[in-house]
Amino acid sequence: MFPSNFKPQGEFNLLRIGGDNDGGYLVESASIEKTKALISMGIGKNWQFEEDFISNKAIEIHAYDHTVRGSFWPKFFIKRFLSVLIGRFSAPYNAVTTYKNFLSFFKDRAVLFFEKIGSEEDGATNLNKTIKRIKGEPIFLKIDIEGYEYEILDEIIVNSALLSGMVIEFHKVSEHIDEIKSFIDAFELELVHIHPNNNRIDEQGNPRAIEMSFAREPKKISQTANLPHPLDQLNVPRKETVNLRFINS
25 MFPSNFKPQG
35 EFNLLRIGGD
45 NDGGYLVESA
55 SIEKTKALIS
65 MGIGKNWQFE
75 EDFISNKAIE
85 IHAYDHTVRG
95 SFWPKFFIKR
105 FLSVLIGRFS
115 APYNAVTTYK
125 NFLSFFKDRA
135 VLFFEKIGSE
145 EDGATNLNKT
155 IKRIKGEPIF
165 LKIDIEGYEY
175 EILDEIIVNS
185 ALLSGMVIEF
195 HKVSEHIDEI
205 KSFIDAFELE
215 LVHIHPNNNR
225 IDEQGNPRAI
235 EMSFAREPKK
245 ISQTANLPHP
255 LDQLNVPRKE
265 TVNLRFINS
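Numbering (our numbering), first residue to last: 25 to 273.
Pasting the structure below:
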């Protein structure tokens with residue numbers, strides 16, 4: 025079970041940004057209108073969130089992902105070409121199309137930095153550096169950096185006055201319950217949605233990763249949170265649904 029402050033205190037007007045299943049997030053609609061710039065941490069092979077966001081509002085986008093270089097794309101191509109052996113004949117063509125779209129999007133519509141996000145102490149690019157680079161405020165944050173999110177939570181709180189909204193995926197949740205709880209209490213923005221990633225669960229049946237959406241001064245459309253939200257989708261369709269449970273709720 026999760027602490028009670030993991031549950032939004034009402035229902036809000038949410039939009040799905042980022043497509044189906046994994047990589048899509050629910051965003052409070054007014055946050056998009058307020059946003060002047062997007063900082064996106066974690067891209068991989070899926071930048072539909074960034075595409076959808078910019079289709080709603082033309083803004084500057086800075087993206088960060090240190091993994092999408094070196095052997096990343098050669099491995100991607102090899103895997104897709106080998107999948108022909110199991111009957112996936114369109115996979116090579118789709119792989120080439122994906123790579124072309126990647127090059128096009130991060131040439132014409134967004135700036136990609138091949139930098140690891142983390143604390144300044146470990147030599148990574150921290151949140152303060154990313155904010156100094158981008159023009160325009162308020163800023164929307166998208167964070168999916170496989171556990172390194174915990175290294176920048178204090179920076180997020182310090183810079184919260186600059187933010188219009190945020191979506192974040194917390195990993196290894198059971199090991200960081202108190203840290204997440206304290207962050208929610210200290211954060212200036214309000215929690216408007218929580219979604220369980222159904223890819224993996226822990227021994228207590230809780231999701232190993234959760235997605236949270238935050239917004240500045242969101243307007244409630246109901247006093248009771250509707251979970252799961254009608255726009256929610258399974259991250260991994262072939263796996264079972266994970267139900268969220270909260271203490272004192």
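Every residue, glycine too, gets a C-beta built ideally from N, C-alpha and C.
{"Check": "Residue environment, isoleucine 59, which counts as buried when at least 16 other CB atoms sit within 10 Å", "Outcome": "Here residue 59 is threonine; the residue named in the question, isoleucine, does not match the sequence. Buried, by the Cβ-count rule."}
{"Check": "Cβ-Cβ distance between serine 64 and alanine 239 below 8 Å", "Outcome": "no"}
{"Check": "Close-in-space but distant-in-sequence residues of the same chain around alanine 115 (CB under 6 Å, 5 per side omitted)", "Outcome": "Arg104 and Ser107"}
{"Check": "Spatial distance of glycine 48 from glutamine 72 (CA atoms)", "Outcome": "8 Å"}
{"Check": "Glutamate 75 and alanine 87 closer than 8 Å at C-beta", "Outcome": "no"}
{"Check": "CB of histidine 195 within 8 Å of CB of glutamate 170, strictly", "Outcome": "yes"}
{"Check": "Residue interval of the alpha helix (DSSP H) (run including tyrosine 123)", "Outcome": "115 to 132"}
{"Check": "Cα-Cα separation, alanine 134 to glycine 160", "Outcome": "14 Å"}
{"Check": "Nearest-angstrom Cβ-Cβ length linking asparagine 37 and isoleucine 192, presumed shorter than 8 Å", "Outcome": "About 20 Å; that fails the 8 Å criterion."}
{"Check": "Isoleucine 67 - DSSP class collapsed to helix/strand/coil", "Outcome": "coil"}
{"Check": "Exposed unless 16 or more other CB atoms sit within 10 angstroms - verdict on valine 260", "Outcome": "exposed"}
{"Check": "Straight-line Cα distance separating alanine 210 from asparagine 272", "Outcome": "20 Å"}
{"Check": "Counted within 10 angstroms of its Cβ, other Cβ atoms place glutamate 241 as buried (16 or more) or exposed", "Outcome": "exposed"}
{"Check": "Backbone CA spacing between glutamine 257 and leucine 268 [nearest angstrom]", "Outcome": "14 Å"}
{"Check": "Start and end residues, beta strand (DSSP E) containing arginine 40", "Outcome": "38 to 41"}
{"Check": "Cβ-Cβ distance between isoleucine 208 and alanine 61 below 8 Å", "Outcome": "no"}
{"Check": "Residue from His219, Lys205, Glu227 and Lys153 with nearest C-alpha to valine 51", "Outcome": "His219"}
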